[in-house]
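2 protein chains.
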Amino acid sequence: MEFTPKFDQQGLIPAIVQDANTKQVLMLAYMNAESLKKTLETRQTWFWSRSRKELWNKGATSGNTQQVVEMFYDCDSDTLLVLVNPAGPACHTGKTTCFHNPLLEQDFIMERRNEN
Amino acid sequence: MEFTPKFDQQGLIPAIVQDANTKQVLMLAYMNAESLKKTLETRQTWFWSRSRKELWNKGATSGNTQQVVEMFYDCDSDTLLVLVNPAGPACHTGKTTCFHNPLLEQDFIMERRNEN
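Residue numbers (our numbering), protein chains in the order written: chain A, 196 to 311; chain B, 196 to 311.
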C-alpha cells in the first residue's frame with residue numbers, strides 16, 4: 196500500500212516517538228520529506244528543527260540516538276508514530292521523556308488569570 | 196507550577212492521546228484554549244476540529260468517549276500527552292488506534308516515484 200504523507204503548509208508532518216519496549220511516549224517532533232526519507236533509509240530518527248531550520252539527526256551530538264523499530268501512519272495520513280529503541284534519554288534535560296511535566300487543572304486556570 | 200501552553204499561529208496545540216492501560220498511542224488531535232479548558236474541567240477529551248472548524252467532544256456522537264486519567268506537557272510546552280481510559284475505539288474506522296497503517300520504506304519510495 197502506498198503512503199502519501201500529508202505535509203502541512205510548512206512541509207512538515209508531526210512524528211510521535213514512542214519507546215518500543217516500555218511504550219512510553221518520548222517526544223513529538225516534525226519531519227519534512229527529506230528527514231522522513233533519511234529516517235526510513237538509516238533506521239534512525241531524523242527531524243526538521245523548526246527553531247534551527249535544519250535537518251536534525253536525533254542524538255548525533257548527544258549520542259542519544261533512536262533506532263527505529265516500527266513506523267505507522269494514521270487514518271488521515273497526517274501524523275506518524277515511530278517506535279524506537281532509544282540509546283539514551285529523549286529530552287535535552289536528561290529525562291527519559293520530554294513529557295515529564297504533569298498538567299493539573301489549577302495550572303491552566305492560574306495561567307488564564309495571569310492573562311487577564 | 197504554572198503552565199503556559201505554546202499555541203501555534205492557529206491557536207492550537209497538538210495533543211497525543213494514549214491509552215492509560217495498554218499504553219497504545221491512539222490518535223493525535225489539536226486543542227485550542229477552550230478545548231483544553233473543557234478537557235481539564237470535564238475530564239473528557241475535547242479538541243478543535245480543523246476540518247469542521249468547531250469544538251469537538253471526542254465520542255459525543257459515537258459514544259467512544261475518552262476519560263482523562265493524566266495529562267502531561269513537554270519540555271518546551273508545545274505538545275500535550277493525554278492518558279485516557281477509552282470507552283471504545285479511537286479511530287472512525289472502528290480500529291482501536293488511528294495508527295493502524297505500518298509504514299515501510301518501499302511505500303514512501305513508491306510515492307516519491309509517482310510524484311516525478
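Even glycine gets a Cβ: it sits at the ideal position worked out from N, Cα and C.
Treat the numbers as computed from the prediction; the structure is a model and nothing was measured.
First through last residue of the beta strand (DSSP E) which encompasses residue 244/A = Element bounds for residue 244/A: 241 to 244.
key: Cα-Cα separation, residue 235/B to residue 231/A   = In this structure, the straight-line span from the alpha carbon of residue 235/B to that of residue 231/A is close to 34 angstroms.
key: Under 8 angstroms between C-beta atoms of residue 215/A and residue 298/A   = Not in contact: residue 215/A and residue 298/A (Cβ atoms no closer than 8 angstroms).
inquiry  = So if DSSP puts residue 224/B in a beta bridge, which residue, or which two residues, is it bridged to?
reply    = Checking the DSSP bridge columns, you'll see residue 224/B partnered with 210/B.
request  = State the DSSP-derived secondary structure class of residue 310/B, mapped to helix, strand or coil.
outcome  = With a pLDDT of 49 at residue 310/B, under the threshold of 50, the modelled position of that residue is not reliable, and the figure given next carries that caveat. In the three-state reduction of the DSSP assignment, residue 310/B falls in the helix class, which pools H, G and I.
message = Mapping the DSSP letters down to three states, classify residue 235/A as helix, strand or coil.
response = Helix, per DSSP.
ask   = Within the 8 angstroms Cβ cut-off, does residue 218/B reach chain A?
value = Closer than 8 angstroms: yes.
inquiry  = I'd like the list of long-range same chain contacts for residue 220/B, defined as Cβ closer than 7 angstroms, with 5 residues on each side in sequence excluded.
reply    = Excluding sequence positions up to five before and after residue 220/B, its CB lies within less than 7 angstroms of the CB of 211, 213, 292, 294, all in the same chain and listed in chain order.
ask   = Mind checking whether the beta-carbon of residue 292/A lies closer than 7 angstroms to any heavy atom of the ligand MG?
value = Among the components of this structure there are no ligands whatsoever, and the ligand MG is therefore not found.
message = Looking at the strands, I want to know which residues DSSP matches up with residue 298/A.
response = In the DSSP assignment, residue 298/A is bridged to no other residue.
query = Roughly how many angstroms separate the alpha carbons of residue 281/B and residue 253/A, rounded to a whole number?
reply = For residue 281/B and residue 253/A, the distance between alpha carbons rounds to 32 angstroms.
request  = Measuring only between beta-carbons, confirm whether residue 266/A sits less than 8 angstroms from chain B.
outcome  = Yes, residue 266/A counts as interfacial toward chain B.
inquiry  = Run through chain A and tell me which residues come within less than 7 angstroms of residue 209/B, C-beta to C-beta.
reply    = The answer, in chain order, is 209, 223.
inquiry  = Taking 8 angstroms as the limit between beta carbons, can you name the residues of its chain near residue 288/B, skipping five residues before and five after?
reply    = Only 295 meet the Cβ criterion.
message = Tell me the DSSP secondary structure of residue 265/A in three-state form.
response = Correct three-state label for residue 265/A: strand.
query = residue 213/B touches chain A at which residues, Cβ-Cβ below 7 angstroms?
reply = The contacting residues are 220.
request  = Starting from residue 281/A, follow the beta strand (DSSP E) in both directions and report where the run begins and ends.
outcome  = Note, residue 281/A: beta strand (DSSP E), 275 to 281.
ask   = Between the stretch 279 to 297 of chain B and chain A, which residues of the former have CB atoms less than 9 angstroms from a CB of the latter, in chain order?
value = Residues passing the 9 angstroms Cβ filter: 286, 287, 288, 290, 292, 293, 294, 295, 296, 297.
query = Who are the near neighbours of residue 267/A in its chain, counting only those whose CB is closer than 6 angstroms to its CB and skipping five residues on each side?
reply = Non-local beta-carbon contacts of residue 267/A in its own chain, meaning distances under 6 angstroms to residues more than five positions away in sequence, involve 276 in chain order.
Endpoints, the beta strand (DSSP E) within which residue 252/A is located = Run containing residue 252/A: 249 to 252, per the beta strand (DSSP E) assignment.
task = Check whether the Cβ atoms of residue 261/B and residue 240/B sit closer than 8 angstroms, and answer yes or no.
result = Yes. Within cutoff.
inquiry  = Looking at chain A, is there any beta carbon in it that lies within less than 8 angstroms of the beta carbon of residue 256/B?
reply    = No, because no Cβ of chain A sits closer than 8 angstroms to the Cβ of residue 256/B.
ask   = Would a check of beta-carbon distances place residue 202/A closer than 8 angstroms to chain B?
value = It does not; no Cβ of chain B falls within 8 angstroms.
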